[in-house]
Each structure stands twice: as structure tokens, then as C-alpha cells.
Amino acid sequence: MLLHDRGGRHMRVAVVAILASVLGLFVGAPSGETAASVVRTDLDGQEARLTLPTGTPKGLVMWFHGQGGGVNDRIDGPFLRALTRDGYAIASSSFHFQSWGNEASTNDANLLTEWAEEQVGLPVTTWVSGSMGGAISLNALLHGEKTPSCWYGVKPAISLNRMENVPTGRKFIAAAYGGVVPADRNPVRNIESLPTDVRYRVVASPEDDWVPINQNGGALVSQLVARGVDATYLAATGPHEDVSHWDSGDLVDFANSCDALTPGSDIASSD
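Numbers in this note's numbering are just positions in the sequence shown, counted from 1, shifted up by 7.
Dropping the structure here:
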């Protein structure tokens, strides 16, 4: 009888523990861990997505994925989810996948900006990019219809004629441009033409062998600073795939500082 009672008590304790654990998933999880809602559409044959936070969005960010990514790339991961948790809506597109900043991807950026701003009722203030997305977004700054107040590039791959270390990079670049990259579509050669009223921030590692910093992110920052442009650098560590590149705290701080300086934004007008 004593053995039976002891076993019953153990069983009841185990059941209570399991229930507490399950309830904790719903009760104890921080608010905004996942997006409140997602709106999807097709923009000229490319899938587009708008990820909305809980409550009224305080700002609108646009995300440019890297090689191998798509409309859902990193949106639900910790790096970009930090923006949603902080109240930002995030617009993303397939950007013709391995487009490497060609003309089609610039058209995608134009269409995504127009659609997302119409949905949210706010201007896009910050563009965020990763690797190949650096080329897509900078070419959109150079050739697109609208520009944001701020640009944030994680290990930006912008020297398109020197991507031989990126796996399959040269193949995709050649396919995106039908052979040779036009001079005006190689971002590293057109830094002097980038808008000066945009604030820039680069996250890159000197140990990145795929996208060498001196040919890409470092060249971008140094040449912009030489022109008197607001451009800053955050040092990451390790190779191209090192997780230190994805600093969500720095990203949120940059987005907030950008919105605080943008006339008409929710943050700027809240004081």
C-alpha cells in the first residue's frame, strides 16, 4: 500500500510539472515572441510579405535577403524578430532570389516599398540587408525610386567582380546579369554616387574570407566617411557565417535612432 501511494504521488507530481510547463509556453512567453500577423501578396511575380507586430506599428523596415534566401529568410529568427518585438513592421520580398542587385531586383524594391507603405500607413525608414542583400539594396539606392533614411548592412557583398570565394557566387552573378556586370550595377564602384542624406551602418568581420572587408563593407564605410557621410562600423568576428554578425540589439538601437531623427515618424512625434 505504501509503495502504491508513493507511486501515485510521483505520478501526480509529474503530471503537474508537465501542465505547468505547457501553460508556461502560453502564459510565461514574452509578449511579441512571434508576429501578430503576416500579410502576403504577389508583386509582379515575386512573393512579398509584411510581418506585423502586436498593436499599431511604430515604424516600417525593409529586409533584403542574402544568396540562398527568399521572402521568409530570417524574418522569424531572433535577428529580425527583435524588430517585430520592438514594434516594427518588416517588409520582405523574394527579390528574384539570386538577383545580386540586377534591374529586376530594383523594381522589386520599388514595388515592395509602395505596397508596404500603403498597408502600414508609414514610410519605410530603415533598409536592412544581409550579404548579397547589400548589393540588392545599394543598387536600389542608386537606381530606385525612393530611398530610406537609414541603411544597415550585415557583411554586405558589394564588390561583384570579386565574389570568387562565395560558393556558387560567380555562377549566380553571371546568370543574374547575363554575363558581365554593368559598371553602374557594381556597388563598390559607385559609392561616390550613393545618397549623402542616408545614414549607413556596416557589420562585418576582418576574418571573413568569403566577403573580404577591405573590398566590401570596409571600402563602403571609408569612402562614405571621406565624403562626410554619416557611416559607422560594428566589428563582428569569425568567418562569413559566424553568428556574431547578427547583433539584434545593435539593429534595434540603430532603427530606433533612425526613426527618432526622421520627421513625421511615430518615434520622432511621440515627444
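No residue lacks a Cβ here, since even glycine has one placed at the ideal position from N, Cα and C. Remember, predicted model here, so these are calculated numbers, not experimental data.
Using the three-state DSSP reduction, which class does residue i fall into: helix, strand or coil?
| i | result |
| --- | --- |
| F179 | helix |
| D266 | helix |
| R206 | strand |
| I143 | helix |
| D331 | A query on residue 331 cannot be resolved here, the shown segment of the chain reaching from 8 to 278 and no further. |
| A211 | strand |
| W122 | helix |
| T239 | strand |
| I82 | coil |
| V161 | strand |
| L201 | coil |
| V173 | coil |
| S156 | coil |
| V188 | coil |
| S112 | helix |
| S251 | helix |
How far does the beta strand (DSSP E) with residue i in it reach, from first residue to last?
| i | result |
| --- | --- |
| T133 | 131 to 137 |
| Q53 | 53 to 59 |
| R47 | 44 to 50 |
| W217 | It is not in any beta strand (DSSP E) - W217 carries neither H nor E in the DSSP assignment. |
| F71 | 66 to 71 |
| S166 | Where S166 is concerned, there is no enclosing beta strand (DSSP E), given that its DSSP letter is neither H nor E. |
| S100 | 95 to 100 |
Among the residues of its own chain, which have a CB less than 8 angstroms from the CB of residue i, if the five just before and after it don't count?
| i | result |
| --- | --- |
| L50 | S100, D115, L118, L119, W122 |
| G235 | T203 |
| P246 | S212, E214, D215, D216, W217 |
For residue i, which residues from the same chain have a beta carbon less than 6 angstroms from its beta carbon, with the 5 sequence-adjacent residues on both sides left out?
| i | result |
| --- | --- |
| G176 | M170 |
| D80 | H72 |
| V210 | V161, L241, A243, H252 |
| F102 | S112, D115, I143 |
| S44 | L59 |
| S166 | V195, Q222, N223 |
Indicate whether residue i and residue j have their beta-carbon atoms separated by less than 8 angstroms.
| i | j | result |
| --- | --- | --- |
| G73 | S138 | yes |
| R206 | D237 | yes |
| L67 | V131 | yes |
| A183 | S106 | yes |
| N221 | V195 | no |
| A89 | S229 | no |
| A142 | A164 | yes |
| V250 | D93 | no |
| T58 | I82 | yes |
| V127 | W70 | no |
| L148 | W158 | yes |
| A262 | T133 | yes |
| G77 | F104 | yes |
Should residue i be labelled buried (16 or more other beta-carbon atoms within 10 Å of its own) or exposed?
| i | result |
| --- | --- |
| G62 | exposed |
| T91 | buried |
| G52 | exposed |
| N146 | buried |
| G2 | No statement about residue 2 is possible, as the shown extent of the chain runs from 8 to 278 and does not include it. |
| S200 | exposed |
| V109 | Note that residue 109 is Asn in the sequence shown, not Val. Buried, since its Cβ has 16 or more Cβ neighbours within 10 Å. |
| C265 | buried |
| G140 | buried |
| A96 | buried |
Within the same chain, show all residues whose beta-carbon is closer than 7 angstroms to that of residue i, passing over the 5 residues directly before and after it, in chain order.
| i | result |
| --- | --- |
| N168 | V188, N193 |
| P64 | G94, Y95, A96, V127, L129 |
In the DSSP assignment, find the alpha helix (DSSP H) that holds residue i and state where it starts and stops.
| i | result |
| --- | --- |
| G225 | 224 to 233 |
| R88 | 85 to 92 |
| W107 | Counting along the chain, W107 falls outside any alpha helix (DSSP H), and DSSP gives it neither H nor E. |
Just checking: is the beta-carbon of residue i within a distance shorter than 8 angstroms of some beta-carbon in chain B?
| i | result |
| --- | --- |
| D93 | Considering every chain present, this structure includes no chain B. It has just one protein chain. |
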